[in-house]
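Right, one structure below, let's go through it.
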Amino acid sequence: MRPSELGSTTSKKSWHQTFVQNGVCNRRAWLRGCFGLTLSLLGACAGLRTAAQEVPVAKRRRALRLAHITDVHVQPELGAARGLVACLHHLQSLPDPPELIVNTGDSIMDAMAADADRTRLQWDLWRKILKAECSLPVEHAIGNHDCWGLNRKRSGTTGQEPLWGKRWALEALQLEAPYRTFERAGWHFIVLDSIDPWENSYRAYLGEEQLAWLRTELQKIPKIRPVVVLSHIPIVSAAGLLENARVSEDGNLTVGRALMHLDGPAIHALLRQHGNVRLCLSGHLHMLDRVEFDAITYITTGAVSSAWWRGVHKDRFDYGYAVVDLYNDGTFHYQYHRYGWQTVPEPAPQSGKSLETEGLVHLAPAGSHSDDFC
């Protein structure tokens, strides 16, 4: 930029005429021009500072701190009840404790293959512990193991029982519907129902009705409002792919019908279209991973029960929960916390029977990749 365009000189001489006369540089004119240029630049900078001071800048502040628990699998055996109590005490005793707990399912050990008495025992234990040991509000999603009788043969159900499927879990968790929305501190939360009963078991699938509902709900949310999505089964997961994918006989890479959402691409497309979905939290895999794509962060949180209370899952995914800070500018901070639980030794089987053969617990054998046991 020329000095005349920044300074306040009234001279009509050209820039070249001002500083060069008869082929010789005019030293005085040069110094005057430089001085004028310096003053002009300082004035311009001062003007910028003044303009910046006139525009209020919103300060980033934390809007909400929440704890994310998942895959508790509470049961009377293996010290699971005391483990859940220890987890709740740990997160409520943090120097800066959370204000809300979100629980993304598999609250009880298993109702899929349990009879009514065993299912009632587990839900009674869950309610008793939360009532006595938790002072925070809790928002729930339903996990596959929370659904009663999906395995009709092992549970002895017909599918016609009043509390069959998700109805028992809805009653125990005091929910009106398996998927819903709620708001906290300027953030919008969407709770999805990942569990689609399928062939005496389940698959990870929303279905047309819930997908249409999700599309409608996202359209209602203002674009400026940040969104968190909660689901039991991950919409997308690196752990689901790297730890569980197999090459099929026809040469395709397969992950399984129940480890990640079969309709994950369709769900992601809807979330991306909204433009302000910031975070998706899930569990199910008992592993910890994070995927970022299209400005959406997908996090799978490790299990409170780790390896179903039998040890540290895969020797590295310890007993734990997450603390998530949500900020007023739509950003967040995630941290996984180990709460120090030590595995309770499994009692020796009596009379040649184990807890599994007696129908008390249904766990995957070591090294198993069965969908039903996540």
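The end of the sequence shown is residue 545 by my numbering, with every number in the run present.
Using N, Cα and C, we set each Cβ at its ideal position, and we do this for glycine too.
Out of the options, which one is the CA nearest neighbour of residue i?
| i | options | result |
| --- | --- | --- |
| Gly-491 | Ala-238, Arg-232 and Asn-447 | Ala-238 |
| Leu-401 | Gly-254, Thr-471 and His-457 | Thr-471 |
| Thr-502 | Arg-449, Ser-476 and Leu-385 | Arg-449 |
| Trp-546 | Val-362, Tyr-350, Arg-298 and Ala-287 | Here the chain covers residues 172 to 545 and nothing more, so residue 546 does not appear. |
| Pro-518 | Lys-230, Lys-337, Leu-442 and Gly-250 | Gly-250 |
| Ala-383 | His-403, Arg-351 and Arg-396 | Arg-351 |
| Thr-290 | Lys-299, Ile-300, Val-494 and Ile-279 | Ile-279 |
| Lys-337 | Glu-380, Thr-329, Ala-282 and Arg-355 | Ala-282 |
| Gly-446 | Ser-453, Trp-369, Ser-419 and Asp-465 | Asp-465 |
| Gly-511 | Ala-257, Val-243 and Arg-233 | Ala-257 |
| Gly-473 | Glu-463, Gly-454, Ile-467 and Trp-480 | Gly-454 |
| Asp-364 | Ala-356, Ala-234, Gln-381 and Thr-514 | Gln-381 |
| Leu-255 | Pro-266, Asp-267 and Thr-241 | Thr-241 |
| Ile-438 | Leu-412, Tyr-469, Asn-371 and Glu-347 | Tyr-469 |
| Arg-323 | Ser-372, Gln-293, Ala-340 and Leu-341 | Ser-372 |
| Leu-307 | Val-398, His-504, Leu-497 and Arg-236 | Arg-236 |
| Arg-396 | Pro-333, Pro-269 and Asp-500 | Asp-500 |
| Tyr-498 | Asp-295, Arg-374 and Val-398 | Val-398 |
| Arg-298 | Gly-327, Ala-340, Leu-321 and Pro-266 | Ala-340 |
| Ala-285 | Arg-233, Leu-377 and His-316 | His-316 |
Please state the DSSP three-state secondary structure of residue i.
| i | result |
| --- | --- |
| Pro-349 | coil |
| Asn-322 | coil |
| Glu-176 | Model confidence at Glu-176 stands at a pLDDT of 34, short of 50, so the residue's coordinates are unreliable; what they give is reported in the following sentence. Residue state, collapsed to three classes: helix. |
| Arg-338 | helix |
| Ile-313 | coil |
| Ala-478 | coil |
| Thr-290 | helix |
| Arg-449 | strand |
| Val-226 | Because Val-226 carries a pLDDT of 37, less than 50, the predicted location of this residue cannot be relied on, and the following value inherits that uncertainty. DSSP places Val-226 in coil when its eight states are reduced to three. |
| Ala-343 | helix |
| Leu-497 | strand |
| Leu-208 | In this prediction, Leu-208 scores a pLDDT of 37, lower than 50, which makes its location untrustworthy; no coordinate-derived value is stated. |
| Arg-509 | strand |
| Glu-517 | coil |
| Arg-298 | helix |
| Glu-354 | strand |
| Glu-304 | helix |
| Val-245 | strand |
| Tyr-490 | coil |
| Val-483 | coil |
| Glu-332 | coil |
Counting along the chain, where does the beta strand (DSSP E) carrying residue i start and finish?
| i | result |
| --- | --- |
| Leu-456 | Counting along the chain, Leu-456 falls outside any beta strand (DSSP E), and DSSP gives it neither H nor E. |
| Leu-271 | 271-274 |
| Leu-237 | 233-240 |
| Trp-369 | 366-369 |
| Thr-468 | 467-471 |
| His-359 | 358-362 |
Could you tell me the boundaries of the alpha helix (DSSP H) in which residue i lies?
| i | result |
| --- | --- |
| Ala-251 | 251-263 |
| Ile-279 | No alpha helix (DSSP H) holds Ile-279; DSSP gives it neither H nor E. |
Taking 7 angstroms as the line, does the beta carbon of residue i fall inside it for any heavy atom of the ligand ATP?
| i | result |
| --- | --- |
| Ala-234 | No copy of the ligand ATP occurs in the structure displayed, which carries no ligand at all. |
Ignoring anything shorter than 3 residues or poking outside the stretch 371-446, list the beta strand (DSSP E) runs there in chain order.
-> 372-375 and 398-401
Determine, using beta-carbon pairs with one atom in the stretch 482-497 and one in the stretch 438-458, whether at least three such pairs fall under 8 angstroms.
-> Yes, they touch.
Is it a yes or a no for the stretch 269-286 touching the stretch 309-325, going by three-plus beta-carbon pairs under 8 angstroms?
-> yes
Spell out a yes or no on whether the stretch 250-269 and the stretch 420-439 are touching, meaning 3 or more CB-CB pairs, one atom from each, closer than 8 angstroms.
-> Short answer: they don't touch.
Can you find at least 3 beta carbon pairs, one from the stretch 391-401 and one from the stretch 425-437, that sit closer than 8 angstroms?
-> no
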